[in-house]
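Protein chains in written order, with the working numbering: chain A, 1 to 226; chain B, 227 to 628.
For reference, the structure discussed in these notes is given below.
As structure tokens, this is what we get:
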């Protein structure tokens, strides 16, 4: 099977000789559940941003789903994110003025689906993450775990090839965090490719594949037979 | 390596409005206040235009009603001898005979006559009222209505009867003629047979007491040379008749005749109000500009505050253009709401003003449309910089937690 995501010799430098990634090569197959683990400053967030086309590498190759992200225009990358990628953030980034359904439907906003279809699919996505009873609630009426589930539903609603989660449990207590990881595992079992960034190596133990990072380099890439 | 192309990101047109109004819906007070800034600007401009249009409309309809075809002929400055010149005695009939003249009437000075309520009032107290002798066709030529009674007639002009101008009647305390009121002129009582309505074209008549010429000549030894001749002319012949009037009225010294057009004064007044209008319009434009700066300010703050929303939208697939469009739309909405509210406020202010001043309500459609368009233009300008700035943020910059 083709690699869904392929990084080859990716270097990211910031002005002032700051090297965030010092030559990273990595392949992720369809259907994988990967944890990228490392202390803060190890370059894992930069790696996720480059994998998610939110940022461009200084050097190296990024190929997502057969699409060369390095040579693509900004608009083409936007289209790729709209149609093939999903994101989950530590701070959820839900819009206060919108209900849970409309927040999730926002995941389809830039792929040009009509509103009725977006809401329909958003309801299904919310049911999938166990929030079928919270459809019309505002983010301010949801608990932390519910907010993150809503954000996960938003990442899933477009049926992306790959979902990137940046510290998805970072703002949650450990029990709620564990339930979010459990949800991600379930979604992976159902076929979604998921890449999770975390600084918590204990949490990473739950993942079949763990990529350990330090100082912008991959230190270890362990695949545990599931 | 094959590069697959994806269908571009797309934001449906009807979604633009929803996305562009999120900021307003979540921050209602701020949106209302910044829209208010623009609303005040637009309201003042619409009101200024509306109020001046209403009052100009009234002036113009007054001018229309009175006609611009009335000229007055008066003795002007005498060039020889220095003193005031006089019109010949036969000036009025001569003028009336000119082709194109519809009617002509004259008034005559009555030297030494004052009008008082009774004989007990001090002789020097003339209440600012001038006594004139008048031809009997004065109301027709001046298009003056009678407020009460009737004007001097052939039959009564040689008797001690008087007609009062509107202001004169008020000052003398005469409001009706049915109880046969009398006023004291010179050394005897005159019966008031009529009161004139307001003569807009010549306010001097409002402050006059008019008696018949034979009576004035008999009792006050009045001169039969007219103090003023009013001439009503056929509309399309005004210019040619006007040129001929001086020579006809006083063939010997046409240069000593002064011909004027009372409606010119009203038109000058209408023009003067127009001049004030542009001044106030300028003030309204300044208010609008301040409102626009307020919107720009609010938009800049909004972009700063909503960096993470911008980052999220980029992650969800929004292009830079989508971000620009969203914030530009928000700015246009703010200004548009302000503009529409302002136009309504301005129209209401005009309605209140014209009702209070008893004028016809005129709100020029150009003012309403222009006001809303001006608001939108201000909104576009104010929103341009913030929204371009928002679009320039890279997704990672926008998502960086501060």
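Every residue gets a Cβ at the ideal spot worked out from N, C-alpha and C, and that includes glycine.
Given the structure is predicted, the values throughout are model-derived calculations rather than measurements.
Identify, in the order they occur along the chain, each residue of the same chain with its Cβ nearer than 8 Å to the Cβ of residue 9 of chain A, setting aside the five sequence neighbours on each side. 23, 24, 25, 59, 60, 61
Note the first and the last residue of the continuous beta strand (DSSP E) segment covering residue 355 of chain B. Neither: residue 355 of chain B is in no beta strand (DSSP E) and is coded neither H nor E.
Give the residues from the stretch 182 to 200 of chain A that approach chain B closer than 9 Å (Cβ to any Cβ), ordered along the chain. none
Member of B:412, B:237, B:457, B:255 whose CA lies at the smallest distance from the CA of residue 348 of chain B: B:412
Reduced DSSP secondary structure (H/G/I, E/B, other) of residue 429 of chain B: helix
Looking at C-alpha atoms only, which residue of A:123, A:210, A:81, A:53 is the closest neighbour of residue 70 of chain A? A:53
For residue 6 of chain A, which residues does DSSP report across the bridge? A:27, A:63
Please classify residue 379 of chain B: does DSSP put it in a helix, a strand, or coil? coil
Taking C-alpha atoms, which residue in A:143, A:129, A:123, A:114 lies nearest to residue 242 of chain B? A:114
Could you tell me whether the Cβ of residue 495 of chain B comes closer than 7 Å to any Cβ of chain A? no
7 Å Cβ cut-off: residues of chain B touching residue 80 of chain A: 232
Rank B:398, B:573, B:545, B:369 by C-alpha distance to the C-alpha of residue 288 of chain B and give the top, closest one. B:369
Beta strand (DSSP E) segment containing residue 70 of chain A, residue limits: Element bounds for residue 70 of chain A: n/a, residue is neither H nor E.
Quick one: residues in its chain with C-beta nearer than 6 Å to the C-beta of residue 613 of chain B, no 5 flanking neighbours on either side, listed in chain order? 550, 553, 554
For the stretch 454 to 486 of chain B, list the beta strand (DSSP E) runs that are entirely contained and at least 3 residues long, ordered along the chain. 454 to 459, 483 to 486
Presumed contact (8 Å Cβ cut-off) between residue 188 of chain A and residue 48 of chain A, rounded CB distance: Contact doesn't hold; Cβ gap of about 17 Å is too wide.
Can you name the residues of chain A whose CB is closer than 8 Å to the CB of residue 288 of chain B? Chain A residues near residue 288 of chain B: none, gap ~56 Å exceeds 8 Å.
Within chain A, the residues that residue 248 of chain B reaches when beta carbons sit closer than 8 Å: 95, 97, 98
Taking Cβ-Cβ distances shorter than 9 Å, what residues in chain B pair up with residue 83 of chain A? 232, 233, 235, 543
Considering only the alpha carbon of each residue, which of B:590, B:620, B:626, B:567 lies closest to residue 602 of chain B? B:567
So, is the C-beta of residue 14 of chain A closer than 7 Å to a C-beta in chain B? no
Quick check on the burial criterion: 16 or more other C-beta atoms within 10 angstroms. Buried or exposed for residue 12 of chain A? buried
Counting beta carbon pairs with one atom in the stretch 258 to 276 of chain B and one in the stretch 113 to 129 of chain A, are three or more of them shorter than 8 Å? no
Taking 7 Å as the threshold (C-beta atoms), are residue 294 of chain B and residue 456 of chain B in contact? no
Take residue 623 of chain B and list the residues in its own chain whose beta-carbon comes closer than 6 Å to its own, dropping the five residues that flank it on each side. none
Residue environment, residue 581 of chain B, which counts as buried when at least 16 other CB atoms sit within 10 Å: exposed
Check whether the Cβ of residue 239 of chain B lies closer than 7 Å to any Cβ atom in chain A. no
If contact means a Cβ-Cβ distance below 8 Å, which residues of the stretch 506 to 537 of chain B contact chain A? 534, 535, 537
Which chain A residues are close to residue 615 of chain B, counting only those with a beta carbon under 7 Å from its beta carbon? Result: empty, since nearest Cβ-Cβ is about 16 Å, beyond 7 Å.
Measuring CB to CB, does residue 104 of chain A end up less than 7 Å from residue 125 of chain A? yes
The beta strand (DSSP E) with residue 164 of chain A in it runs from where to where? 162 to 166
Return no unless some Cβ of chain B is closer than 7 Å to the Cβ of residue 75 of chain A. yes
Three-state secondary structure assigned by DSSP to residue 537 of chain B: helix
Based on Cα-Cα distance, which residue from B:315, B:418, B:557, B:427 lies nearest to residue 493 of chain B? B:427
Where residue 55 of chain A meets chain B, residues with beta-carbon distance less than 9 Å: 620, 621, 622
Under 9 Å Cβ-Cβ, which residues of chain A neighbour residue 546 of chain B? 74, 75, 78
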